[in-house]
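Down below is the structure, laid out as structure tokens.
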Amino acid sequence: MIGNRWRLTGARIRRVVQLLALALFVGLLLATRIRGGEGPPGAVKLFFWLDPLVLAATFLAAHAVPLMCLLALATVAATLLLGRVFCGWVCPLGTIHDIAGRTIDFVRGKRPGNEHFSRWQRAKYYLLAAFAVMTLLGAHWVTIFDPLVLLYRSITAALLPGFQWAVEEASTVIYRTDPGIGSARVTAITEPAYRFLRDGIFAVQRQSFEGAWLILVVFAAVVGMNALRRRWWCRYICPLGAMLGALSIRPLLRRRVDAGRCTGCDLCSAGCHGAAATEEPAAWKPAECMLCLNCTEACRRSGLAFTAGWPWQARTQAQRLDISRRALVASAAGGLAGLWLVRSSPLARGNTYNPSLVRPPGARAEREFLQRCTACGMCIKVCPTGGLQPALGEAGLEGLWTPRLVPQIGHCEYNCTLCGQVCPTGAIAALSVEEKHKVRIGLAAFDVRRCIPYAYGRDCMVCEEHCPIPDKAIFFVDAVVQDHDGARRTVKQPRVDPSRCIGCGICEHVCVFKDRPAVRVFSANESRHPDNQPILGEPSPY
Amino acid sequence: MTRVSRRDFMALTAGAAALGACGGRGLLAADATAGAQMSIARWTGGKDLKPEEIRQAAVRLTEKAIEAIGGMKRFVSAGSVVWVKPNIAWDRKPELAANTNPDVVATIVRLCLAAGAKKVKVGDNPCHAAQKTYASSGIADAAKEAGAEVVFLDKSRFKDMAINGEKIKTLPVYPEIIETDLVINVPVVKHHVLAKTTICMKNYMGVIEKRNTLHQDLGTCIADLTRFMKPRLCVMDAVRILTARGPTGGNPADVKLTMTVAAGTDIVALDALGAEIMGLKPADIPSIVKGEQYGLGKMDYKALSPVEMAVS
Chain A
1 MIGNRWRLTG
11 ARIRRVVQLL
21 ALALFVGLLL
31 ATRIRGGEGP
41 PGAVKLFFWL
51 DPLVLAATFL
61 AAHAVPLMCL
71 LALATVAATL
81 LLGRVFCGWV
91 CPLGTIHDIA
101 GRTIDFVRGK
111 RPGNEHFSRW
121 QRAKYYLLAA
131 FAVMTLLGAH
141 WVTIFDPLVL
151 LYRSITAALL
161 PGFQWAVEEA
171 STVIYRTDPG
181 IGSARVTAIT
191 EPAYRFLRDG
201 IFAVQRQSFE
211 GAWLILVVFA
221 AVVGMNALRR
231 RWWCRYICPL
241 GAMLGALSIR
251 PLLRRRVDAG
261 RCTGCDLCSA
271 GCHGAAATEE
281 PAAWKPAECM
291 LCLNCTEACR
301 RSGLAFTAGW
311 PWQARTQAQR
321 LDISRRALVA
331 SAAGGLAGLW
341 LVRSSPLARG
351 NTYNPSLVRP
361 PGARAEREFL
371 QRCTACGMCI
381 KVCPTGGLQP
391 ALGEAGLEGL
401 WTPRLVPQIG
411 HCEYNCTLCG
421 QVCPTGAIAA
431 LSVEEKHKVR
441 IGLAAFDVRR
451 CIPYAYGRDC
461 MVCEEHCPIP
471 DKAIFFVDAV
481 VQDHDGARRT
491 VKQPRVDPSR
501 CIGCGICEHV
511 CVFKDRPAVR
521 VFSANESRHP
531 DNQPILGEPS
541 PY
Chain B
1001 MTRVSRRDFM
1011 ALTAGAAALG
1021 ACGGRGLLAA
1031 DATAGAQMSI
1041 ARWTGGKDLK
1051 PEEIRQAAVR
1061 LTEKAIEAIG
1071 GMKRFVSAGS
1081 VVWVKPNIAW
1091 DRKPELAANT
1101 NPDVVATIVR
1111 LCLAAGAKKV
1121 KVGDNPCHAA
1131 QKTYASSGIA
1141 DAAKEAGAEV
1151 VFLDKSRFKD
1161 MAINGEKIKT
1171 LPVYPEIIET
1181 DLVINVPVVK
1191 HHVLAKTTIC
1201 MKNYMGVIEK
1211 RNTLHQDLGT
1221 CIADLTRFMK
1231 PRLCVMDAVR
1241 ILTARGPTGG
1251 NPADVKLTMT
1261 VAAGTDIVAL
1271 DALGAEIMGL
1281 KPADIPSIVK
1291 GEQYGLGKMD
1301 YKALSPVEMA
1311 VS
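Written out as structure tokens, the structure is:
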């Protein structure tokens, strides 16, 4: 044994690259916020541009190719040449799995066992086949399981708001109680730290998301499965991993075991990320290999290396995946069944419209929107009021975690177009401010049983005051009311001018009723659905 | 450097007033020469001003108005912390007169620092998204350039405070503002659908939360809040005024160039002047009437013999 002398191994370089990629991913995510009135640069979409599953799914479902998504061809090329390096070296969710797996093993005091290829690892290919059928028929659903999407959404909607909650609550308690010894105050440390996070990291004060618990549970389950199998998600489920695996059946870079040196000790399969080695000595499945290089690092006799070779050269040690055709056909049928499942509701058929499904401005008509939306959460992350929320059931199962505006939480800022600017697939069109001012995302309606000038005979006008339309979509009609004692007076009752209202929802947001606002925005009159427009166009009835 | 807290300062002022009362006319006369209670600076230079000329004029008007009430040194003691409270409510450009003129704000910041202020903070509680509003109003950049610290109010730092007004008893108030040595109220003169016009008194709505319920009796609530805030210096921006569809505006046709800046210690008098500039009768504005009832100032601002200046 050479001893514990540190040497620069491929696996060590890989770990550094992985951490850098994860840091870049998180950094770009944190940069996806408004700052000094300006939005983030387009480069914050880098990881989604590089994602071939997003490219393929958008092409198949929407027959569209978002220009920058062509960068994903670089990932495809790298995979054809080198195999699944993206999974092993770049994918930030993969890195989180590695860290989680190491941590779990450390806590349990275990060394990674010798894990060989399991036939169940083919499941991800069958899942991908099923999703491909759905996608071909226009459902973009596969992308909600894309690892980059899954991680982005989990950080945005669950992890970061959770961290923010802890920081805000803890620092506020310290701020209010102001503990300290003598003139030394704890706040002298906590307040600057809190301000740094508030101004530099967090986007919206007290940010929180509907259904974040489900996103958190899914994320925790996916990461927790590392206790059962290292990189469980990557090996068994990941649709992007399956896609890249299918592309790396014959990579130029291939593993070669020197039979003269191999003693069959099987150390190489301990810690193999992809469980790519089979129980036969030296045999290896390139489609499952993530090039983690743990095997070359583990081999005590340096009998194992990755070398380049031409595709046509014989590769005796490389094994095929043995995908069953019968199972593929069954998967395709399963995909059809899945489509049936998500499309069988009246909402999905376009027979009804959900009044509380107010989409962000520039969102395409619902069918086209769902053909592109990856549910990544970039729009939700960038929304400066925090009003964009992941849908739970409002858009049906197919629209799970797609964005909708919840004005009670935050309105659509009149001069803001950031959701469309950051959308990586164009599900929300990038509008100019002038275009956005003309897009109706819904229509406000007063609940006259609650609205104060109607129901309680006093002036209020908060909604009218906040209405951002220069010519005001809310106006007043004078009405004479009689109070308890019989005295008469005139109050201003608000009305909505449907020819001006664009449904931004600030009226709902600022309404003094916080439980159920007395003015609400519903999806009716949205520009994107002519069938959901009850109001005859110009001229205004008023 | 010792920092004088608000409470200490008030004790000192009370002491000084008592001394003044004992000492007779000498001190009072000194106070009178220190500056008038109110000044009005009106632009009489050329008409058809270019945007850049309007900006320079706004600076000049502000400087003159403050000079005429005794200069910033009268209000800002050396080493003090000042909060400049403009109206930064809406995501609108300066030309739309929905927020205070950024050049007026920047000039006040500069004068405070020149008078020896240790720190000048600028901030408001906007109605539109704060990040956009601070930027598009032009105030964030202008104030920062003048040397101020631009503060975004933090929802979790408001504290319930006793207002003890006729209508409002407690409200969440932003403590960082109250803790400063001086709050300079710098509103813009605007139309308001309910209040008819909003000027200095209404501008204090930006230091609190839960303000939307106050609209059900706006005049009384504004007066309650003003009494709580104990105004000492207000600088009224009427360089551009919003004449209709306020307080949000957004239509350039509703903006009028009135090229006036007024400063003073009597908030009711300044609001009365603002109402006149808007073409309204001060006696028709509930908050002004209530403010005079509370003894916060005089509606008849001319009785204060304001220093009126033509600036060109």
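Quick mapping for you: the protein sequence lines, in order, are chains A and B.
The first sequence begins at 1 in our numbering and counts up by one.
The second sequence begins at 1001 in our numbering and counts up by one.
Note that CB positions come from ideal geometry on N, CA and C, so glycine has one too.
Using beta-carbon distances, R495/A does not count as an interface residue toward chain B, since no partner is under 9 angstroms.
F25/A and L397/A have their C-alpha atoms spaced approximately 28 angstroms apart.
Scanning L1296/B, G1045/B, V1059/B, H1192/B for the CA closest to the CA of V1261/B turns up V1059/B. Cβ-Cβ separation between L1304/B and R1232/B: approximately 15 angstroms, too far for a contact (criterion under 8 angstroms).
Between the C-alpha atoms of S523/A and F59/A there is a straight-line separation of about 28 angstroms. Q1056/B is classed as exposed because its beta carbon has fewer than 16 other beta carbons within 10 Å across all chains shown.
For K1132/B, the chain A residues whose C-beta falls within less than 8 angstroms of its own C-beta are I34, G37, P384, E413, N415, C416, listed in chain order. Residue-level contact by beta carbon fails for N1164/B and chain A, as no gap is shorter than 9 angstroms. Against chain A, the CB of K1118/B has no partner CB under 9 angstroms away; the residue lies outside that interface.
Counting only runs that start and end inside the stretch 351-405 of chain A, the beta strand (DSSP E) elements of at least 3 residues fall at 388-390, 403-405. Two segments are said to touch when three or more pairs of C-beta atoms, one from each, lie closer than 8 angstroms; by this definition the stretch 158-165 of chain A does not touch the stretch 387-401 of chain A. Per DSSP, G338/A is one residue of the alpha helix (DSSP H) stretching across 325-343. DSSP places W1043/B in the uninterrupted beta strand (DSSP E) bounded by 1038-1043. Residue pairing of M461/A in beta bridges, as defined by DSSP: absent, with no partner found. An exposed status is given to L67/A, since fewer than 16 other beta-carbon atoms sit within 10 Å of its beta-carbon. Ranked by Cα distance from A1078/B, the options N1087/B, A1089/B, A1114/B are led by A1114/B. Chain B has no Cβ within less than 9 angstroms of the Cβ of C419/A. Boundaries for T1062/B: no beta strand (DSSP E) harbours it, while the alpha helix (DSSP H) harbouring it runs 1051-1068, taken from the DSSP string.
If you compare the alpha carbons of E434/A, V519/A, M378/A with that of S154/A, the shortest gap goes to M378/A.
Counting other Cβ atoms within 10 Å of its Cβ, Q371/A reaches 16 or more and is therefore classed as buried.
Burial state of P534/A is exposed, judged by a 10 Å Cβ sphere holding fewer than 16 other Cβ atoms. For A184/A, the three-state secondary structure derived from DSSP is strand.
Between P453/A and V439/A, the alpha-carbon positions lie close to 29 angstroms from each other. Of all C-beta pairs linking the stretch 1168-1182 of chain B to the stretch 1067-1082 of chain B, three or more are shorter than 8 angstroms, placing the two stretches in contact. By DSSP's assignment, A1143/B forms no beta bridge with any residue. L93/A and P468/A have their alpha carbons spaced roughly 41 angstroms apart. Across the stretch 1255-1288 of chain B, no CB contact with chain A closer than 7 angstroms is found for any residue. Cβ contact annotation for V481/A (same chain, cutoff 6 angstroms, sequence separation greater than five): G457, V491, in chain order. By the C-beta criterion, the stretch 114-125 of chain A is judged to be in contact with the stretch 267-278 of chain A, since at least 3 inter-stretch pairs fall below 8 angstroms. Three or more Cβ pairs closer than 8 angstroms define a contact, and the stretch 192-208 of chain A meets that threshold against the stretch 1153-1168 of chain B.
In the displayed model, R7/A falls within coil according to three-state DSSP, outside both helix and strand.
Interface criterion not met: the Cβ of A1143/B is under 9 angstroms from no Cβ in chain A. Taken atom to atom, the span from the alpha-carbon of A1130/B to that of E366/A is near 31 angstroms. Residues of chain B whose Cβ lies closer than 7 angstroms to the Cβ of E465/A are, in chain order, V1193, P1247, T1248.
Taking 9 angstroms as the cut-off, the Cβ atoms of V1207/B and N1125/B count as close. For D1237/B, the uninterrupted beta strand (DSSP E) run begins and ends at 1233-1242, by DSSP.
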